[in-house]
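Student:
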């Protein structure tokens, strides 16, 4: 399987690190031996090599600051554009690990459409382009006979979408509730330990859990973007961001936290979707609720089903390797599909 | 897909109920339209019909006490033996919903081997035959080119095995810890509320959560049987029951429960397997542990992975429809495989 990797930040590097460290295992257990034929970054260089780029050398080059440090080798090109990589590299899958943009979808969508036109499958590691462009991506890929996968857009590599779409096939899912944003859950957990919102936010920013502009997290927009994707994956129709009722945690006070505790409850920022609509808002949950005990940056989702009742999945919600695994799991799935149809 | 159903108790009926209620949905969403060509019970009759038996009529007959009440129809036979059903019915899949027997595997294993010899795939709804006969079942089915699936043997239809074997493909799983027995978890939850072991056990027996002879549950053997299957599914090698360290909850006193509570902890009966071995024993978990907050008859499993850290799945652990869904999900999976190779 020939891959084109767009974006080589934390997640792109996490993915390439897995390929470097587990090549033998992936080949032996899944007959999976991908070849990265192109890598493109916005300001740190572009590489193309039909024979495949070496994962370890890619990681060393980017750690030294730029793909320019990748060693010279036969067939290596450094002057291709992204457009040319898409149309001429012969890659079968475009892995999008570009920065996410929940308003416009960012640079990802034009590249994605070009890749579909070139007959490529798509794997998205983050939510922006999928949340904004879901309908167009699905319509165009269906027409082209290619697939669009995006496990990494919700709860990193924790298989939240695969649980609903594959493992629970046969059930009808009527609702999903989740803690889909690690930053706000970290803040709420620390506030329960008696600290102030401002204090914990400053610490989260220092630790890299929260952005300098924390609006997307604390006002609920990150969770809302993920809720849109969950609704698209489970119910086949993405909500529009402006159709959702979105509230963040910045208004929660120490008194609110105390009042919940006094009633044996706990505040959580809960994303909730049904086939009819969705919301993101702080909710007081009894301590016995499975989502009430998910603490720190951990994420969780509860799917309500007709045959099994509630099924809850708890796991990592962020991280380079954790999201890199989401890309890997989508590729292993694609290989089953490609392999199948090639037989 | 033509099915042969052995056993028509709670789980068999749960499965047939799903087929009765969701036939249209299963056909539309998964192109799945199974036909039950034979049903065999030990003392309530046997039916065979090449054209397929009607799910609603099967349920009405068994509710009236016996398959003898199934209406006469063209091609219906009531005098076949199980052996003849296996060799002559032309069914592609044997669904085993017989009572479980953790010591010998019960009647299931001889039927299973005959079915493999007849080229059938196998779906097991419970643990006995799989835990006892795993190696033989796998060796013989591999040689015959058929599949053996058993999602229902652990945590009913909650996809605990499918999570580890499919959704987390690409990760290496290094350990699994779970609350795999609902009866003991129900008893422990009630003891925390201040009630005595003997009192709660009597109530659980009255409610049908515990057997008249509760040994298999309270002494840990039911959980151990499931742990054996988890180890087989995740690590490819089943533990032997006598290789495991198995302790139950019958020795736990109110004082033990209180002592844990005073330390901010909670007793849970935890099944634990790694590639090196396994155990079932009461463990004191801190309240912040995801398994500590799984209460009542709910089950849960935590898989420890190399790339994602811990992933926890919480859901139903028993029930006719819940385990019937496990059978359905195995059949939908089999259909993908059969359909694939037929293409």
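Chains as they are written, first to last, in this note's numbering: chain F, 3 to 345; chain E, 3 to 345.
Just so you know, even glycine gets a beta-carbon here, dropped at the ideal spot from N, CA and C.
(1) Considering only the beta carbon of each residue, do residue 63(E) and residue 55(E) sit closer than 7 Å?
(2) Do you know offhand how far residue 174(F)'s Cα is from residue 24(E)'s?
(3) Write down the C-beta distance between residue 158(E) and residue 321(E) rounded to the nearest angstrom, noting that I regard them as a contact closer than 8 Å.
(4) In terms of residues, what are the limits of the beta strand (DSSP E) holding residue 41(E)?
(5) Can you give me the C-alpha to C-alpha distance between residue 224(F) and residue 241(F), rounded to a whole angstrom?
(6) Is there a Cβ from chain E that is less than 7 Å from the Cβ of residue 263(F)?
(7) Give the C-beta separation of residue 191(F) and residue 271(F) to the nearest angstrom, bearing in mind that I take them to be a contact with Cβ-Cβ under 8 Å.
(8) Closest to residue 139(E) by C-alpha separation, out of 6(E), 48(E), 111(E), would be which residue?
(9) To the nearest angstrom, how far is the alpha carbon of residue 81(E) from that of residue 88(E)?
(10) Are at least three pairs of beta-carbons, each pair with one atom in the region 193-204 of chain E and one in the region 273-286 of chain E, less than 8 Å apart?
(11) State the start and end residues of the unbroken beta strand (DSSP E) segment that holds residue 301(E).
(12) Verify whether the separation of the beta carbon atoms of residue 163(F) and residue 124(F) is less than 7 Å.
(13) If you count every other CB in all the chains shown that lies within 10 Å of the CB of residue 31(E), and 16 or more means buried, which is it?
(14) Under a three-way DSSP split, which group does residue 211(F) fall into?
(15) Find the residues of chain F that neighbour residue 173(E), judging by a C-beta separation of less than 7 Å, and give them in chain order.
(16) Taking all protein chains shown into account, decide if residue 94(F) is buried (16 or more other Cβ within 10 angstroms of its Cβ) or exposed.
(17) Provide the residue span of the beta strand (DSSP E) that contains residue 268(E), from first to last.
(18) Leaving out five residues on either side along the sequence, give the residues of the same chain with a beta carbon under 8 Å from the beta carbon of residue 29(F).
(19) Would the beta-carbon of residue 126(E) fall within 7 Å of that of residue 103(E)?
(20) Spatial neighbours of residue 108(E) within its chain, please: C-beta separation below 8 Å, excluding the five flanking residues on both sides.
(21) In whole angstroms, what is the alpha-carbon distance linking residue 352(E) and residue 144(E)?
(22) Our contact map puts residue 60(F) next to residue 78(F) with C-beta atoms below 8 Å; I'd like the distance itself, whole angstroms only.
(23) Taking residue 305(F) as the reference, which of 160(E), 221(E), 188(E) has the closest Cα?
(24) Does any CB atom of chain E fall closer than 7 Å to the CB of residue 195(F)?
(25) Determine the closest residue to residue 234(F) out of 340(F), 74(F), 292(F), 155(F), with distance taken between C-alpha atoms.
(26) Rounded to the nearest angstrom, how far is the Cβ of residue 39(F) from that of residue 65(F), given a contact under 8 Å?
(27) CA-CA distance, residue 288(E) and residue 148(F)?
(28) I'd like to confirm the pairing. Which residues does DSSP put opposite residue 281(F) in its beta bridges?
(29) Measure the C-alpha to C-alpha separation of residue 339(F) and residue 22(E) and round it to an integer number of angstroms.
(30) For residue 344(F) and chain E, any beta-carbon pair shorter than 7 Å?
(31) Shortest alpha-carbon distance to residue 170(E) belongs to which of 200(F), 209(F), 325(F), 119(F)?
(32) Tell me, please, whether the CB atom of residue 324(E) is closer than 7 Å to any CB atom in chain F?
(33) Which one of 133(F), 86(F), 136(F), 105(F) has the shortest CA to CA distance from residue 117(F)?
(34) At the level of alpha carbons, what is the spacing between residue 16(F) and residue 323(F)?
(35) Using CA atoms only, rank isn't needed, just tell me which of 268(F), 166(F), 142(F) is closest to residue 121(F).
(36) If the cut-off is 8 Å on Cβ atoms, which residues from the region 148-171 of chain F count as contacting chain E, listed in chain order?
Tutor: Taking the coordinates as given:
(1) Not in contact: residue 63(E) and residue 55(E) (Cβ atoms no closer than 7 Å).
(2) 10 Å
(3) Distance from residue 158(E) to residue 321(E) at the Cβ level is roughly 6 Å; contact confirmed, criterion being Cβ atoms closer than 8 Å.
(4) 37-42
(5) 14 Å
(6) no
(7) That belief does not hold up - the Cβ atoms of residue 191(F) and residue 271(F) are roughly 11 Å apart, past 8 Å.
(8) 111(E)
(9) 14 Å
(10) no
(11) 301-307
(12) no
(13) It is exposed - the Cβ of residue 31(E) has fewer than 16 other Cβ atoms within 10 Å.
(14) coil
(15) 327
(16) Residue 94(F) should be labelled buried.
(17) 267-276
(18) 35
(19) no
(20) Within the same chain, 100, 101, 102, 130, 131 come within 8 Å of residue 108(E) by CB-CB distance, once the 5 residues on both sides are set aside.
(21) Past the boundaries of the shown model lies residue 352(E); chain E is included only from 3 to 345, so the question cannot be answered.
(22) Actually they do not touch by this definition, with Cβ atoms about 12 Å apart.
(23) Distances from the CA of residue 305(F) to each of 160(E), 221(E), 188(E) were compared; the closest alpha carbon is that of 160(E).
(24) no
(25) Comparing Cα positions, the closest option is 155(F).
(26) At roughly 21 Å, the Cβ-Cβ gap does not stay under 8 Å, so residue 39(F) and residue 65(F) are not in contact.
(27) Approximately 47 Å, taken between the alpha carbons.
(28) 247(F), 274(F)
(29) 31 Å
(30) Because the pLDDT at residue 344(F) is just 46, under 50, the model does not fix this residue reliably, and the value given afterwards should be weighed accordingly. Closer than 7 Å: no.
(31) 325(F)
(32) yes
(33) Taking each of 133(F), 86(F), 136(F), 105(F) in turn and checking the Cα distance to residue 117(F), the smallest one comes out for 86(F).
(34) Taking the straight line from one Cα to the other gives about 4 Å.
(35) 142(F)
(36) Within the region 148-171 of chain F, the residues whose Cβ lies closer than 8 Å to some Cβ of chain E are 158, 159, 160, 161, 164, 165, 168, 169, 170, 171, listed in chain order.
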